[in-house]
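Numbering (our numbering), first residue to last: 2 to 389.
Set out below in structure tokens:
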């Protein structure tokens, strides 16, 4: 009898285990179904989520807000402070410069580079700031990195962010400003062990090494700025705009600036009577965005602008000029035009109907998409090196 009792018990435990696993999966599926709005998919595994749709539903906003407070509770303020004592915590789940900064333990910023070449291990990332502690544009930290990069002995990636500087190569349109903006760091792409350069305001002239450069978004403002200090405010905006149907077509709301020439061009060329134009306070601008289908988001002092990402979070559609950032907007409801003259009311009405029906991948609005993408490039690089 003993020979048969043990197998029966094993089968019983095995069946119970399978039943328990099935119930867990059913429970997760039920919770996921309840959490999603129309045409949404969400998976929550170790705080990794995927959002796919042309609209951010109210239920999604509640889910993200709950996850935000869970993650924020775990943040150690002291660990994220910089040399000037500023709050550098990520704005999770939203994309921000300090979110990218937090991905790298090796950093070149206000006190120079905080590591030695021997500290860089296989697949590590190195964050390089493009502004100093006074929030002034600088290439000093890129030069600090260049001096030690040749001594690094393991494959690594670089992230440049938190500034208006175009990287790896500078640009020619900051006329009358510091020559820093024209500083070319493209030669660093030749470093054989650098397998990726993740760059905000990305610009590269190199055809040979352009495959190493990946454009990343500026996202929302960091916590140490007045607008970005309370990222939870975006949840309220997401919820409110879910119930607001925009009545007007196109909003052009910014002022001219001698250091932002692309704004002047947009203001000059967009003058039709059906276009709303004005300069507004922050709160009034948010109200105007809610009431418009399309928002013009020209290049600012840097190629990317916070307003583009804020507009997307508010479930409205940005209109931008085609530039080196086009790849960042791929899959998002962003209308890219070659010229402001391409815009007319009929075209925007047609595109609005099209966008309302089209499915968009909204992952790019959130930090985890970029974290996973950066992590996956390490695996891709390993596979490539092994195949050689």
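Positions of the beta carbon are idealized from the N, C-alpha and C atoms, including for glycine.
When DSSP states are grouped into helix, strand and coil, residue 312 belongs to the helix group. Closest by C-alpha distance to residue 151, out of 218, 290 and 190, is 190.
With the rule of 3 Cβ pairs closer than 8 Å, the stretch 163 to 172 does not count as touching the stretch 112 to 122.
In the assembly as shown, residue 86 is an exposed residue. Its beta-carbon has fewer than 16 other beta-carbons within 10 Å. DSSP places residue 319 in the uninterrupted beta strand (DSSP E) bounded by 318 to 322. Given a length threshold of 3 residues, each whole run of the beta strand (DSSP E) inside the stretch 86 to 126 is given here in chain order: 107 to 110.
DSSP lists no bridge partner for residue 255. DSSP, read as helix, strand or coil, puts residue 225 in coil. According to the DSSP secondary-structure assignment, residue 203 is paired through a beta bridge with 168. Here residue 253 is actually not in contact with residue 219; their C-beta atoms are around 20 Å apart, not less than 8 Å.
Residue 345 sits in coil when the DSSP states are folded into three classes, being neither helix nor strand.
Exposed is the label assigned to residue 342, since fewer than 16 other Cβ atoms lie within 10 Å of its Cβ. In the DSSP assignment, residue 216 forms a beta bridge with 200. A Cβ-Cβ separation of about 7 Å places residue 298 in contact with residue 320 under the 8 Å criterion. Remark: three or more beta-carbon pairs, one from each stretch, lie closer than 8 Å, so the stretch 331 to 345 and the stretch 302 to 316 are flagged as touching. Boundaries of the alpha helix (DSSP H) harbouring residue 269: 262 to 270, taken from the DSSP string.
Apart from the 5 residues on each side of it in sequence, residue 184 sits with its Cβ closer than 7 Å to the Cβ of 140 and 171 in its chain, given in chain order. The shortest CA-to-CA distance from residue 360 to any of 331, 290, 291 and 249 is the one to 331. When Cβ pairs closer than 8 Å are counted between the two stretches, the stretch 339 to 353 is seen to touch the stretch 244 to 252, the count reaching three or more. For residue 257, the CB contacts under 7 Å within the same chain, skipping 5 residues up- and downstream, are 264, 265 and 268 in chain order. Residue 130 sits close to residue 142, with the two beta carbons spaced by under 8 Å.
Take the alpha-carbon of residue 377 and the one of residue 156: they are about 14 Å apart. Assigned with DSSP and collapsed to three states, residue 244 falls in coil, not helix or strand. Partner residues in the beta bridge of residue 278, as assigned by DSSP, are 253. Residue nearest to residue 372 within the set 224, 126 and 165 is 126 (criterion: CA-CA distance). Note that the stretch 236 to 244 does not touch the stretch 206 to 215; fewer than 3 beta-carbon pairs, one per stretch, sit closer than 8 Å.
Remark: C-beta atoms of residue 304 and residue 202 approach each other more closely than 8 Å. Of the residues assessed, residue 103 falls on the buried side of the cut-off, its CB having 16 or more other CB atoms within 10 angstroms. In this structure, DSSP gives residue 336 an extended state, which the three-state scheme calls strand. In terms of CA proximity to residue 339, 323 leads the group 327, 174 and 323. Of 101, 84 and 83, the smallest CA-CA separation from residue 91 is found for 101. Measuring C-alpha to C-alpha distances from residue 98 to each of 128, 294 and 84 identifies 128 as the nearest. Secondary-structure assignment with DSSP links residue 128 through a beta bridge to 108 and 160. If you draw a straight line from the Cα of residue 325 to the Cα of residue 209, it is about 17 Å long.
Rounded to the nearest whole angstrom, the CA to CA distance from residue 133 to residue 111 is 6 Å. When 294, 302 and 80 are compared, the shortest CA-CA separation from residue 355 is found for 294.
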